[in-house]
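Structure first, commentary second.
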Amino acid sequence: MAAARMGKAGERAVPRLAAIVLGTMLLVVGGLVNAAKLDVGEKVFVPMFEPNPELDGYAVGFVEQLHDDGTVTLRINKVETGKGKTLSGTCHPSGGTPLSGARIVSDDPDDLEVEQRLPLDEVMTYRRGSQVYLERENLSIAYLKYLGSGMGMTPDRFDVAIRRAEETGLPRMVTAMEIGKMQVESTQGRGFPVPASRALEKAAPMLDSVAEKLEAHPGAVDKAARMLGGTESRHRDDPIAAVIVRLHEILEEQLGELEQESADPREVSGFGVDDLLAIYTGWYRVITANDTQPFQNAQVEFYRERAAESLESGEWPSLL
C-alpha cells in the first residue's frame, strides 16, 4: 500500500475521517485527556467527544513516532463518528468534510489507513479511552431511556447516571439527570407506571424545585420553549432542554388522564382547584425559569391567572 498525498480519490474514500484531524472535533469535554506516556507501537484511542455523549465518536490507531515537541504520529485504521459507533469492527466512515492535512496510507475503502500527527494531550491509551467512552455510552443509554418510555429508570439508576456524568465532565448532563430523578421520585412509582392521581400528588413541589434549578440555565429553557412552540425542531443535543420538553410531555399525559376521568376539573377525585392550579403554576415556573426567562413574552402570573379562570369555569387549562 503506497503512501500518497490526499487527492480526489482519497476525498471520495475517506470524507468523514476529517473529524480526526480537525482540532475542534478533538476537544474533550471536562479535560478528560491528559498527556499519556506512550510507546512506539502502542494501541491508542483518539476521543471525539460531544456535550451529548450520544454523538460521541472516536478513532483507534497505533503510535508510529514520538516527537520532542509533544506531538505523536499515529497510524489510524479505525474511526467511528456519531451514531452506529462500536468498539469492535472495522472503519466505515461516511459523509462529511474532506480530510485536512492527513496522509492517506491506504485509500481502499475496506481497509483504510491514515497517518496523522497530533498533540499528545489529544490521545489516550486505548484502555483508558475505551473505559471513558463506555462510561459515556452507558450514560447516553440512561439519558435516551428517560427521554423515551422512562420505564425502569429508578432513582438508583439516575444516581449512577449522575455519577457518570460528573466523572466524565458533563455538567449539563448532570443537571438533566438530576431533573429526571426529581420527576421520577415525585411520582412515587420508583421508575414504574402509576396512575396519574398518584403521580401528580407531589408534582407541584417537584416543579417548583425544578424551576429553581433552571434559573441557572435560561438558555436551555429558552431553547425548550422554542422546541415546544414549534419554532425550533426537537432534538436531544442539549440535554437540559430535552429533559424540559420530556417533562412537558409527561405532565400533558398525566393531566390528560385526569381529564378523561372528568371533563370538569372541579370534579376530579382527590384534587381540588387549588391543587390543580399549583401544578399548572409549577410548570409555568419551569418554562420561564422561575420568571427569569419570559415564555412568549409573558410571565408566570399571566399564565397562572389564565389557568385559574379556566379551572373556575370548569375547563381544563393549557400547559402552553
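Here the sequence shown is numbered in our numbering, starting from 337 and rising by one per residue. We treat Cβ as the ideally placed atom computed from N, Cα and C, and that holds for glycine. A quick note: this is a predicted structure, and the numbers were derived from the prediction, not measured.
Contiguous alpha helix (DSSP H) assignments of at least 4 residues, all confined to the segment 474–531: Unbroken alpha helix (DSSP H) stretches of 4 residues or longer found wholly inside the segment 474–531: 491–503, 507–523, given in chain order.
Neighbourhood of P630 by C-beta distance below 7 Å, restricted to the same chain and skipping five residues each side: As a working mapping, residue 630 is identified with position 294 in the sequence shown. Closer than 7 Å at the Cβ level, and outside the excluded window around P630, lie T624.
Exposure of E585, with buried meaning 16 or more beta-carbon neighbours within 10 Å: Taking the sequence shown and counting its residues from 1, one reaches residue 585 at position 249. E585 should be labelled exposed.
Cβ shell of S540 (< 7 Å), same chain only, five flanking positions each side left out: Reading the sequence shown from its first residue, position 204 is the one you call residue 540. With the sequence shown as reference, residue 540 is identified as Ala, and Ser is not the correct amino acid for it. The residues are A614, I615, G618.
Meets three-Cβ-pair contact criterion under 8 Å: the segment 519–534 and the segment 469–489: yes
Sheet register partners of M563 (DSSP bridge): Along the sequence shown, read from residue 1 onward, the residue named residue 563 stands at position 227. In the DSSP assignment, M563 forms no beta bridge with any residue.
Where L594 sits in the DSSP three-state scheme: Here residue 594 is taken as the residue at index 258 of the sequence shown, counted from 1. Three-state DSSP puts L594 in a helix.
G618 - partner residues in DSSP beta bridges: In the sequence shown, residue 618 corresponds to position 282, counting from 1. DSSP output for G618 lists no bridge partner at all.
Cβ separation of M384 and G393, assumed to be a contact under 8 Å, to the nearest whole Å: Taking the first residue of the sequence shown as 1, we reach residue 384 at position 48. Taking the first residue of the sequence shown as 1, we reach residue 393 at position 57. Sure, about 4 Å apart at Cβ, within 8 Å.
G650 burial status per 10 Å Cβ neighbour count (16 or more: buried): Walking along the sequence shown from the start, residue 650 turns up at place 314. Exposed, since its Cβ has fewer than 16 Cβ neighbours within 10 Å.
Selection from F381, E400, L536 that minimises the alpha carbon distance to Q467: Position 131 of the sequence shown holds residue 467. The residue with the shortest Cα to Cα distance from Q467 is F381.
Which of helix, strand or coil DSSP assigns to V636: The residue you call residue 636 lines up with position 300 of the sequence shown. Here V636 sits in helix by DSSP.
Per-residue burial, A599 [other beta carbons within 10 Å of its own, 16 or more giving buried]: Along the sequence shown, read from residue 1 onward, the residue named residue 599 stands at position 263. Exposed, since its Cβ has fewer than 16 Cβ neighbours within 10 Å.
Sequence ranges, beta strand (DSSP E) only - wholly within the segment 371–399, length at least 3: 379–384
Rounded straight-line distance, which links the Cα of E502 to that of L353: In the sequence shown, counting from the first residue as 1, residue 353 sits at position 17. In the sequence shown, counting from the first residue as 1, residue 502 sits at position 166. Model confidence at L353 stands at a pLDDT of 45, short of 50, so the residue's coordinates are unreliable and nothing is read from them.
DSSP state of L629 mapped onto helix, strand, coil: What you label residue 629 is simply residue 293 of the sequence shown in a count that begins at 1. Per the sequence presented here, residue 629 reads as Gln, with Leu not at that position. If DSSP states are grouped into helix, strand and coil, Q629 belongs with coil.
8 Å Cβ cutoff met for V408 and V415: As a first step, residue 408 must be located in the sequence shown, where it is residue number 72. As a first step, residue 415 must be located in the sequence shown, where it is residue number 79. Their beta carbons are not under 8 Å apart, which means V408 does not touch V415 by this criterion.
Test item: CB-CB of Y462 and R582 under 8 Å: The residue you call residue 462 lines up with position 126 of the sequence shown. The residue you call residue 582 lines up with position 246 of the sequence shown. 8 Å or more divides the Cβ of Y462 from the Cβ of R582.
Cβ neighbour criterion (16 or more within 10 Å) applied to E548: Here residue 548 corresponds to residue number 212 of the sequence shown, with the count starting at 1. Result: exposed.
Residue closest to D457, alpha-carbon to alpha-carbon, out of D544, R493, E451, L402: Numbered from 1 along the sequence shown, position 121 holds the residue referred to as residue 457. Residue L402 is the option with its Cα nearest to D457.
Per-residue DSSP class, three states only, for L402: Taking the first residue of the sequence shown as position 1, residue 402 is located at position 66. Three-state result, L402: strand.
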